[in-house]
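Taken in order, these protein sequences are the chains called H and F. Numbered by our numbering, the letters in the first sequence go through residues 228 to 345 in order. Numbered by our numbering, the letters in the second sequence go through residues 111 to 311 in order. Below is one structure; the comments refer to it alone.
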Amino acid sequence: MVFGDEVQSNLGCIKIYKSAIAAVAAIAAMEVEGVKSVSRGAVIRFLELMGAKITKIRIEIDHNSNVSIEVPLIVKYGYHVPEVANKVQENIRQAVEKSTNLSVKNVDISIKSIERSG
Amino acid sequence: MRVFNVLGIFFYAGVIILIGVGFIALSFNLLLPEHVNYLYYYMQDNPLNKWAVRLSGLLLIIISYSFAQLILGRMQREKTIAFTTASGEVTIALSAIEDLIKYASNIMPEIRDLSPDVIASKKGIIVTLRVALRSEANLPELTARLQEITKSKIQEVLGIEEAIIIRIHISKIVSREEKDKRRKDALKDEPSIPFGGFGRV
């Protein structure tokens, strides 16, 4: 596990893992209509079956606590891809900023595949 | 490094051929355990031979490593098209466009099989479609329609403004009569179930 960011509160310090930010981003992406799944490779799917919690969402945090997120997506067939990508970017930005109080610098989307829903 | 890649291809082909020849030779008693023993003792015989074997082993490792890199590199080199939005960059894998074309062409019953290949170049997006058709299809009309559907679907779904060049290569034309005949023959050959028609309401 890799630490994402550390926030100091009155009672102590709060550490936010990158995996937690990635989980928030994955949930936010899946909320958008037209998104089939957050893409994962075969190896990651196998490791997840073995019980490991892994997401392929990449999180980078610079020294000013600005977050950069890279999300691989599979979009449903029949949806306008740029529109879906835009909505995902906005939804992830809002969700991550709301949940973590970190500022999101950019959300990069990579469309890995287009698949039929169902 | 390119030399090693070529060597790697020849090496693997050579090894597989050698194994095959070895099996055949064993089955015909042409290769005996004494031959293998002789080769082994020859390799161990003097320091020069030992060094030759060592260097050959090292070379084989380098070739194998280079070959593995070549294969993995090809697998990982995923090509994309990209555009930037206010929130960041959006990249679309060319394989995703290929998926889209496959789905879009499903509405045309004349197409039996379609395999698209998408390349992004300075000229624009070049789509090559290898198509297997049913014989009753009117080729000029069908290909024009396929080009139109593919182009409009890519523009509509991906919002791409670049030029889209669509090349169609008809690889096969399948006769429907032939297919129906084969199906009928298969049905004829199927054994009938005794009393299969009884008991139906």
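The C-beta atom is built at its ideal place from N, Cα and C for all residues, glycine as well.
- Query: DSSP state of Glu287 (chain H), grouped into three classes?
  - Reply: Position 60 of the first sequence, counted from the start, is the residue given in the question as residue 287 (chain H). Of the three classes helix, strand and coil, the one that applies to Glu287 (chain H) here is strand, per DSSP.
- Please check the pair Ala242 (chain F) and Val284 (chain F), which I expect to be a contact at CB under 8 Å, by giving their CB distance rounded to whole angstroms. In the second sequence, the residue the question calls residue 242 (chain F) occupies position 132. In the second sequence, the residue the question calls residue 284 (chain F) occupies position 174. Confirmed, Cβ separation roughly 6 Å.
- Grouping DSSP H, G and I as helix and E and B as strand, with all else coil, what is Tyr244 (chain H)? By one-based count along the first sequence, residue 244 (chain H) stands at place 17. DSSP places Tyr244 (chain H) in strand when its eight states are reduced to three.
- Under three-state DSSP, which class holds Val259 (chain H)? Within the first sequence, the letter at position 32 stands for residue 259 (chain H). If DSSP states are grouped into helix, strand and coil, Val259 (chain H) belongs with coil.
- Message: Give me the residue from H:Ile301, H:Cys240, H:Ala322 and H:Lys332 with the minimum Cα distance to Val262 (chain H).
- Response: Locating residue 262 (chain H) in the first sequence gives position 35, counting from the first residue. Comparing Cα positions, the closest option is H:Ile301.
- Message: I want to check one thing, is the minimum distance from the CB of Ser337 (chain H) to the heavy atoms of the ligand ZN below 7 Å?
- Response: The ligand content of the structure shown is nil, which means the ligand ZN is not present either.
- Message: Below 8 Å on the Cβ atoms is my contact criterion, and I expect Leu224 (chain F) with Leu210 (chain F) to pass it. Report the Cβ-Cβ distance as a whole number of Å.
- Response: Here residue 224 (chain F) refers to the residue found at position 114 of the second sequence. Here residue 210 (chain F) refers to the residue found at position 100 of the second sequence. In fact, because the Cβ distance is near 12 Å, the residues do not count as touching under 8 Å.
- Message: Under 7 Å, CB to CB, which of the residues in the stretch 298-332 of chain H have a partner in chain F?
- Response: Tyr304, His307, Val308, Pro309, Ala312, Asn313, Gln316, Glu317 and Arg320
- For chain F, is any of its Cβ atoms less than 8 Å away from the one on Arg343 (chain H)? Residue 343 (chain H) sits at position 116 when you count from the first residue of the first sequence. Taking Cβ atoms only, chain F reaches closer than 8 Å to Arg343 (chain H), which makes this a yes.
- For chain F, find out if any of its Cβ atoms is closer than 8 Å to the Cβ of Lys339 (chain H); answer yes or no. As a first step, residue 339 (chain H) must be located in the first sequence, where it is residue number 112. At least one chain F Cβ lies under 8 Å of Lys339 (chain H).
- CB contact below 8 Å: Val334 (chain H) versus chain F: Mapped onto the first sequence, residue 334 (chain H) falls at position 107. Taking Cβ atoms only, chain F reaches closer than 8 Å to Val334 (chain H), which makes this a yes.
- Query: How would you list, in chain order, the residues of chain H whose beta-carbon sits under 8 Å from the beta-carbon of Glu199 (chain F)?
  - Reply: Mapped onto the second sequence, residue 199 (chain F) falls at position 89. In chain order: Asn333, Asp335 and Ile336.
- Item | CA-to-CA distance, Glu271 (chain F) to Val323 (chain H), given in whole angstroms | For the purposes of this step, residue 323 (chain H) is taken as the residue at position 96 of the first sequence. For the purposes of this step, residue 271 (chain F) is taken as the residue at position 161 of the second sequence. Val323 (chain H) and Glu271 (chain F): Cα-Cα distance of roughly 32 Å.
- Message: At the 8 Å Cβ level, is Tyr152 (chain F) part of the contact set with chain H, yes or no?
- Response: Locating residue 152 (chain F) in the second sequence gives position 42, counting from the first residue. Not an interface residue.
- Query: From H:Val259, H:Val331 and H:Ala247, pick the residue whose C-alpha is nearest to that of His290 (chain H); which is it?
  - Reply: Within the first sequence, residue 290 (chain H) is the residue found at index 63, counting from 1. The shortest Cα separation from His290 (chain H) among H:Val259, H:Val331 and H:Ala247 belongs to H:Val331.
- Measuring only between beta-carbons, confirm whether Val83 (chain F) sits less than 8 Å from chain H. A question about residue 83 (chain F) goes unanswered here, because the residues of chain F that appear run from 111 up to 311.
- Item | Arg343 (chain H) in three-state terms, based on DSSP | If you number the first sequence from 1, residue 343 (chain H) lands on position 116. Three-state DSSP puts Arg343 (chain H) in coil, outside helix and strand.
- Message: Between H:Val265, H:Ala250, H:Val294 and H:Ala255, which has its C-alpha nearest Asn328 (chain H)'s C-alpha?
- Response: The count along the first sequence starts at 1 and reaches residue 328 (chain H) at position 101. The option with the nearest alpha carbon to Asn328 (chain H) is H:Val294.
- Item | Contact under 8 Å by Cβ, Val298 (chain H) with Ile288 (chain H) | Against the first sequence, residue 298 (chain H) aligns to sequence position 71. Against the first sequence, residue 288 (chain H) aligns to sequence position 61. The Cβ atoms of Val298 (chain H) and Ile288 (chain H) do not sit closer than 8 Å to each other.
- Give a yes or no on whether 8 Å exceeds the smallest Cβ distance from Tyr213 (chain F) to chain H. Mapped onto the second sequence, residue 213 (chain F) falls at position 103. Taking Cβ atoms only, chain H reaches closer than 8 Å to Tyr213 (chain F), which makes this a yes.
- Task: With Leu239 (chain F) as the anchor, note down where its beta strand (DSSP E) starts and where it stops.
- Result: By one-based count along the second sequence, residue 239 (chain F) stands at place 129. Per DSSP, Leu239 (chain F) belongs to the beta strand (DSSP E) from Gly234 to Arg244.
- Message: Counting only C-beta atoms, is Leu268 (chain F) closer than 8 Å to chain H at any point?
- Response: As a first step, residue 268 (chain F) must be located in the second sequence, where it is residue number 158. Taking Cβ atoms only, chain H reaches closer than 8 Å to Leu268 (chain F), which makes this a yes.
- Query: Tell me which same chain residues have a C-beta within less than 6 Å of the C-beta of Val229 (chain H), skipping the five on either side of it?
  - Reply: What you label residue 229 (chain H) is simply residue 2 of the first sequence in a count that begins at 1. For Val229 (chain H), the predicted structure reports a pLDDT of 49, less than 50, and the residue's modelled location is therefore unreliable. A value from the coordinates is still provided. Closer than 6 Å at Cβ, skipping near neighbours: Lys245.
- How would you label Gln316 (chain H), buried or exposed, when you count the other beta carbons within 10 angstroms and need 16 or more for buried? Looking up residue 316 (chain H) in the first sequence gives position 89. Buried, because 16 or more other Cβ atoms sit within 10 Å of the Cβ of Gln316 (chain H).
- Message: Just to confirm, is the Cβ distance from Ile274 (chain F) to Ile235 (chain F) under 8 Å?
- Response: The residue given as residue 274 (chain F) occupies position 164 in the second sequence. The residue given as residue 235 (chain F) occupies position 125 in the second sequence. Yes.
- Query: Which chain H residues are close to Ala242 (chain F), counting only those with a beta carbon under 9 Å from its beta carbon?
  - Reply: Looking up residue 242 (chain F) in the second sequence gives position 132. Within 9 Å Cβ-Cβ: nothing; Ala242 (chain F) doesn't reach chain H, min ~21 Å.
- Message: Rounded to whole angstroms, what is the Cα-Cα separation between Ala256 (chain H) and Val308 (chain H)?
- Response: Start at 1 with the first residue of the first sequence, and residue 256 (chain H) comes out as number 29. Start at 1 with the first residue of the first sequence, and residue 308 (chain H) comes out as number 81. About 13 Å.
- Given Val228 (chain F) as reference, the closest of F:Gln179, F:Ser205 and F:Leu249 once Cα atoms are compared: Counted from its first residue, the second sequence places residue 228 (chain F) at position 118. Ranking the options by Cα distance to Val228 (chain F), first place goes to F:Ser205.
- Message: Is there a C-beta anywhere in chain F that falls below 8 Å from the one on Glu258 (chain H)?
- Response: Residue 258 (chain H) sits at position 31 when you count from the first residue of the first sequence. No, no contact with chain F.
- Item | Continuous alpha helix (DSSP H) stretch holding Ser205 (chain F): start and end | Within the second sequence, the letter at position 95 stands for residue 205 (chain F). Looking at the DSSP string, the run of the alpha helix (DSSP H) that includes Ser205 (chain F) is Leu204 to Ser215.
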